[in-house]
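Student: In the numbering used here, the protein residues as written are 4 to 246. Cβ coordinates follow ideal geometry from the N, Cα and C atoms, glycine included. Since we're looking at a predicted model, the values are computed, not measured.
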């Protein structure tokens with residue numbers, strides 16, 4: 004009975020492996036489509052902001068916003084690669100990052116709307132109004148911030164492309180800080196908070212959440228499962244030889 008049970012367990016595992024192999028193709032293709040869609044978002048956002056700004060004669064102001072005109076392009080490769088690093092099965096955590104990103108961006112844009120009245124840009128008008136380009140930027144920055152948060156806090160235990168994604172996060176935060184300084188001829192409160200928190204979280208969080216101990220425990224678990232699988236397979240082979 005024990006051998007029969009082991010045979011059934013081995014057959015179940017083999018069926019699971021075959022099923023996983025069959026699912027790899029469609030799953031990989033689906034991730035590729037999502038990655039391509041997210042990589043196109045900076046292009047769409049910039050194009051819409053250019054179009055809306057041109058309708059209110061604010062194109063010069065847009066191209067003086069160096070973060071929008073230059074730094075944000077780093078999200079083309081970032082968005083493409085981050086799809087393969089985030090654990091998309093953790094829906095609750097991903098929803099929380101989206102809500103947190105929305106709240107932070109609404110507060111930030113409201114602060115900009117209030118503080119930049121005397122120096123209006125392509126996103127805000129002279130009378131505490133947010134222009135159509137500003138609404139586009141709010142939606143775009145909310146999605147981008149949620150992707151960054153997902154990469155930092157909801158990534159896979161052995162995620163791919165972590166090195167280039169981390170480098171791009173650091174490059175964005177530093178570039179956005181420099182851009183904000185040049186635009187405003189000084190540091191704004193939101194720039195200081197964004198750069199300091201962004202760089203700190205990018206460098207510290209992975210060490211705390213995905214450090215060597217976590218990888219070691221994951222590796223030990225996989226080794227244990229591999230040894231057990233081999234043991235059952237060997238016993239099954241010996242049983243078939245006796246038959």
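(1) For a quick check, are the C-beta atoms of residue 131 and residue 117 less than 8 Å apart?
(2) Is the beta carbon of residue 260 sitting closer than 8 Å to the one on residue 202?
(3) Which residue or residues does DSSP assign as beta-bridge partners of residue 158?
(4) How far does the alpha helix (DSSP H) with residue 124 in it extend, from its first residue to its last?
(5) Let me know the secondary structure DSSP gives residue 99 once reduced to three states.
(6) With a threshold of 6 Å on Cβ separation, who are the neighbours of residue 135 within its own chain once the five nearest residues in sequence on each side are excluded?
(7) Do residue 97 and residue 157 have their C-beta atoms within less than 8 Å of each other?
(8) Which value, in whole angstroms, describes the spacing of the CA atoms of residue 53 and residue 127?
(9) Can you give me the start and stop residues for the alpha helix (DSSP H) that residue 54 sits inside?
(10) CA-CA distance, residue 99 and residue 153?
(11) Whole angstroms are fine: how far does the CA of residue 79 sit from the CA of residue 46?
(12) Would you kindly check if the distance between the Cβ of residue 183 and the Cβ of residue 171 is under 8 Å?
Tutor: Quick look at the numbers:
(1) Within the chain shown, residue 131 is the residue found at index 128, counting from 1. Within the chain shown, residue 117 is the residue found at index 114, counting from 1. The answer is yes: Cβ separation under 8 Å.
(2) One cannot answer for residue 260 here, as it falls past the ends of the chain, which runs 4 to 246.
(3) Sequence index remark: in the chain shown, residue 158 carries index 155 (1-based). DSSP lists 89 as partners of residue 158.
(4) Working through the chain shown from its first residue, we reach residue 124 at position 121. From DSSP, residue 124 is part of no alpha helix (DSSP H); its letter is neither H nor E.
(5) The residue given as residue 99 occupies position 96 in the chain shown. DSSP places residue 99 in helix when its eight states are reduced to three.
(6) What you label residue 135 is simply residue 132 of the chain shown in a count that begins at 1. Cβ within range, chain order: 55.
(7) Position 94 of the chain shown, counted from the first residue, corresponds to residue 97. Position 154 of the chain shown, counted from the first residue, corresponds to residue 157. A contact, by the Cβ cut-off of 8 Å.
(8) Counting from 1 along the chain shown, the entry for residue 53 is found at position 50. Counting from 1 along the chain shown, the entry for residue 127 is found at position 124. If you take the alpha carbons of residue 53 and residue 127, they lie about 14 Å apart.
(9) In the chain shown, the residue the question calls residue 54 occupies position 51. Per DSSP, residue 54 belongs to the alpha helix (DSSP H) from 44–58.
(10) Within the chain shown, numbered from 1, the residue matching residue 99 stands at position 96. Within the chain shown, numbered from 1, the residue matching residue 153 stands at position 150. So the alpha carbons of these two residues sit roughly 9 Å apart.
(11) Counted from its first residue, the chain shown places residue 46 at position 43. Counted from its first residue, the chain shown places residue 79 at position 76. The straight-line gap from Cα to Cα measures roughly 8 Å.
(12) Taking the chain shown and counting its residues from 1, the one referred to as residue 171 is at position 168. Taking the chain shown and counting its residues from 1, the one referred to as residue 183 is at position 180. No, the pair does not count as a contact, with Cβ atoms beyond the cut-off.
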